[in-house]
Amino acid sequence: MSLSPEQIQEIEDQRAQTGTTRRAISEGMEKHLYTAHEVLDHGFVRVIDYMGDDAAICQAARVSYGKGTKSVQNDEGLIRYLMRHWHSTPFEMCEIKLHVKLPVFVARQWIRHRTANVNEYSARYSILDREFYIPAPEHVAAQSVVNNQGRGAALQGEEAARVLEILKADSNRAYDHYQEMISDEGQDGLARELARMNLPANIYTQWYWKVDLHNLFHFLRLRADHHAQYEIRVYADAICNVVADWVPAAYGAFEDYRLGGANLSGRAMECIRRMLKGEDVTQKNSGMSKGEWREFEAELKG
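Quick note: the sequence shown uses full-length UniProt numbering, first residue 1, plus one each step.
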């Protein structure tokens with residue numbers, strides 16, 4: 001991971017500051033504040049600020065009480081009830097602001113979650129660093145033959161080495177030309193907002209990303225799933241570790257009902273009922289397509 005000296009000093013200065021407050025704090029989240037958690041080869045996730053905790057969720061759900069908690073057991077039960085029945089508003093009472101450094105192609109996938117506030121590093125005003133995501137050899141894989149947007153087996157030996165060399169060479173060549181175009185030594189130099197279009201999608205960008213817990217859980221449910229692309233999944237995994245410390249009861253319910261649970265169609269539920277009655281249910285008599293049946297079997301096998 002590459003943190004600039006200025007960023008390292010900023011983190012040290014921020015973590016050295018303490019103060020008193022009347023607002024609720026999460027002790028688990030306090031240890032994460034400002035710390036950069038490494039992701040991929042040059043990326044990171046760090047918490048800049050947050051609002052709320054498990055008690056804030058309960059307080060919103062029990063708004064007539066004026067105070068959220070009666071006992072830990074009762075609060076955990078309430079949070080699990082809210083998660084189980086897909087309530088959203090109480091979870092929106094918690095928010096988190098993250099500083100994320102990530103490859104551009106991951107950012108373009110991430111930004112499709114349009115329920116957050118985002119401010120990204122601008123290559124119109126600033127010059128991007130020579131930092132590219134180059135996958136580890138075990139993540140250089142062939143196209144999947146069963147999933148048009150997924151990977152198959154990892155490339156081996158000379159083939160993997162050939163691909164990695166192309167990635168490294170093309171990335172550096174594009175950045176060399178970027179520098180040549182914006183240089184004002186002996187020339188006017190191309191505008192940064194135009195020169196950036198020559199940069200590859202694996203170059204790193206940064207942004208601040210602020211989101212409420214309800215929409216963060218939706219992001220994590222999709223991106224921490226094993227079907228998600230590896231390069232965004234590792235960011236989701238890092239965020240999961242932070243959220244588990246921030247709101248342990250809410251994250252425990254999320255992990256149980258969303259990450260570890262399954263959404264089954266009415267047709268799938270009917271097949272399960274038939275199986276429990278002892279019927280021999282197959283794809284042909286299930287009423288499901290081959291794709292649906294394959295996914296159904298995968299859920300049952302775990």
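Heads up, the beta-carbon is just placed ideally off N, CA and C, and yes, glycines get one too.
Quantities reported herein were computed from a predicted structural model and do not represent experimental measurements.
For F217 and H32, I'd like the C-alpha separation in whole angstroms.
Roughly 18 Å between the two C-alpha positions.
What residue range does the alpha helix (DSSP H) around N172 cover?
Per DSSP, N172 belongs to the alpha helix (DSSP H) from 157-182.
Can you give me the Cβ contacts of A61 inside the same chain, cut-off strictly under 7 Å, excluding the 5 residues immediately before and after it?
Here the set comprises L78, L82, P90.
Could you pull the DSSP bridge partners for D212 from this structure?
D212 is bridged to E95.
To the nearest angstrom, report how far apart Q9 and N147 are at their CA atoms.
Distance between the alpha carbons of Q9 and N147 is about 45 Å.
DSSP three-state label for N285, please.
The answer is helix: DSSP assigns N285 an H, G or I state.
Once you ignore the five residues that flank E193 on each side, which residues in its own chain have a CB closer than 7 Å to its CB?
Contacts found: R124.
Name the two residues that bound the continuous alpha helix (DSSP H) containing M269.
Element bounds for M269: 266-276.
Identify, in the order they occur along the chain, each residue of the same chain with its Cβ nearer than 8 Å to the Cβ of I11, setting aside the five sequence neighbours on each side.
Excluding positions up to five away in sequence, the list reads L3, Y34, T35, A36, R46.
Could you pull the start and end residues of the alpha helix (DSSP H) that R130 belongs to?
Taken as a continuous stretch (DSSP letters only), R130 belongs to no alpha helix (DSSP H), as it is neither H nor E.
Give the DSSP bridge partners of K290, in chain order.
BP columns for K290 are empty, so no partner.
From which residue to which residue does the alpha helix (DSSP H) around G28 run?
Note, G28: alpha helix (DSSP H), 27-30.
Helix, strand or coil for V243, going by three-state DSSP, please let me know.
Residue state, collapsed to three classes: helix.
Do C58 and H212 come within 8 Å of each other at the CB atom, strictly closer than that value?
Residue identity differs from the one stated: residue 212 is Asp in this sequence, not His. No, they are not a contact pair.
Identify whether H139 lies in helix, strand or coil by the three-state DSSP scheme.
Looking at H139 - three-state DSSP - the assignment turns out to be helix.
Which term fits H85, buried or exposed, when burial requires 16 or more other beta carbons within 10 angstroms of its beta carbon?
By the 10 Å Cβ count, H85 comes out exposed.
Using only the alpha-carbon positions, how far apart do Y208 and A160 sit?
Their Cα atoms are separated by approximately 34 Å.
Work out the CA separation of D245 and G28 for me, nearest whole Å.
Near 5 Å, if we compare the C-alpha coordinates of D245 and G28.
If I measure Cβ to Cβ from Y230 and keep anything under 7 Å in the same chain, skipping five residues before and after, which residues do I get?
Answer for Y230: H139, listed in chain order.
DSSP three-state label for A60, please.
Three-state DSSP puts A60 in a helix.
Would M197 and L190 qualify as a contact pair, given that the criterion is a beta-carbon distance under 8 Å?
Not a contact, by the Cβ cut-off of 8 Å.
From E76 to A24, what does the alpha carbon distance come to, in whole angstroms?
Their backbone Cα atoms lie some 18 Å apart in a straight line.
Bridge partners for L33 per DSSP, in chain order?
Looking at the DSSP assignment, L33 forms a beta bridge with V47.
Using the rule of at least 16 other Cβ atoms within 10 Å of the residue's Cβ for burial, across every protein chain shown, is T205 buried or exposed?
Looking at its Cβ environment, which holds 16 or more other Cβ atoms inside 10 Å, T205 is buried.
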